[in-house]
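Notes to accompany the following structure.
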Amino acid sequence: MTSQPAPAPADTATFDPAPPFGLLLDVDGPIASPVTRTVAIESIGRDLATMANAGIPVVFNTGRSDAFIAEEVVPALRAAGLLEGTPVFTVSEKGAVWADVSPAGLGEIHIDDHLKLPAGLYDDVRTLVAQRYASLMFFDETKRAMVSVEMTVGADPHAYLAAQKHFDDAIPELLEKHGLTDVRIDPTIISTDIEHELVGKDLGAARTLELLSARGIAAASWFTMGDSRTDYAMADWLHARGHEVSHVDVRPADGVPETPYPVLTSATGAIHDESGAEFLTAWAGRLNR
């Protein structure tokens, strides 16, 4: 007689090893407002939880720290009824840090030590920000592998972008001081990341498939989502390895490149998290058909 597995508790999800699609999501822009730096649209948490509870893999592939996910994203999922056992993960700092996500928060934090920048560089950048740029940007103390500074909430964005250029120009001298030749500077509209050259959204995609494989999950197709050209790297990586993928660009004003896979943009002209919310609601609605 073959024994049957015990049913999962009512508050625990059961996952489909072959879900119809998976979500690989940048956070700043598509999920969190770049203005408030919070999950400001209620439907985002609701739709993500709905899909995760139905066994759809939801992976945050972000330059943000694990602390940001725990403090800003997890509460929205918890409030929306995220269940235990769902295939939800954060791949933070562009692949250098990762953890599973549950209603209680994050599981064990994993760090790729080969991608960590030296503590001395952290100290020098922290000092640079404090001495010259404290009115417009702050040093992100939550990063574990990369060094990041971010525009202060409420700061004038034009003043920030002008100061950011001077800040970015000062970094190569610090990299030379520490003998770092395998590090790049990656500015965005609200931050600058100083990071190992091997991190990126493509590394985040690779980590994602490793995490899902460890749970025996293989999505039939993928939706990736981002607000910058660098976010296309996750769709590029998936497509190059034979996965069916469509990419959502929530800020297409930067220009939509030619790709061998579909690129989707808001039909209403919405951008950032408003665009992200539209797509998430549409995808969650598929589960009820």
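Taking full-length UniProt numbering, the leading residue of the sequence shown gets 1, the next gets one more, and so forth. Heads up, the beta-carbon is just placed ideally off N, CA and C, and yes, glycines get one too.
{"query": "Nearest neighbour of V27, chosen from V101, T265, L280 and I69 [CA to CA]", "result": "I69"}
{"query": "Beta-carbon contacts of H110 that lie in its chain and below 6 Å, excluding the five residues immediately before and after", "result": "W98"}
{"query": "Exposure label - T192; buried when at least 16 CB within 10 Å", "result": "buried"}
{"query": "Start-end ranges of the beta strand (DSSP E) lying completely within the region 26-97, minimum 3 residues", "result": "58-61 and 88-92"}
{"query": "Proximity of V183 and E173 at Cβ, strictly below 9 Å", "result": "no"}
{"query": "Inter-stretch contact (C-beta, 8 Å, three-pair minimum) for the region 239-254 and the region 266-285", "result": "yes"}
{"query": "For R184, the first and last residue of its enclosing alpha helix (DSSP H)", "result": "R184 -> not in any alpha helix (DSSP H); beta strand (DSSP E) instead, spanning V183 to P187."}
{"query": "Span separating the alpha-carbon of E197 from that of E150", "result": "20 Å"}
{"query": "K90 and N53 closer than 9 Å at C-beta", "result": "The displayed chain sequence assigns Thr, not Lys, to residue 90. No."}
{"query": "Bounding residues of the alpha helix (DSSP H) (the contiguous stretch that carries S148)", "result": "No alpha helix (DSSP H) contains S148, which is instead part of the beta strand (DSSP E) from V147 to M151."}
{"query": "Neighbourhood of T12 by C-beta distance below 8 Å, restricted to the same chain and skipping five residues each side", "result": "L83, E84 and G85"}
{"query": "Ordered list of beta strand (DSSP E) runs contained in the region 190-272, each at least 3 residues", "result": "191-196, 222-226 and 245-249"}
{"query": "Closest residue to A233 among T38, V35 and K94 (Cα-Cα distance)", "result": "K94"}
{"query": "R64 beta carbon less than 9 Å from that of S92", "result": "yes"}
{"query": "Endpoints, the alpha helix (DSSP H) within which F167 is located", "result": "P157 to K177"}
{"query": "Span separating the alpha-carbon of L23 from that of K201", "result": "13 Å"}
{"query": "P57 and P30 closer than 9 Å at C-beta", "result": "no"}
{"query": "Which listed residue (A282, E274 and S148) has its alpha carbon closest to that of K116", "result": "S148"}
{"query": "DSSP three-state assignment for T281, whether helix, strand or coil", "result": "helix"}
{"query": "When A134, K165 and F167 are compared against V153, the one with the closest alpha-carbon", "result": "A134"}
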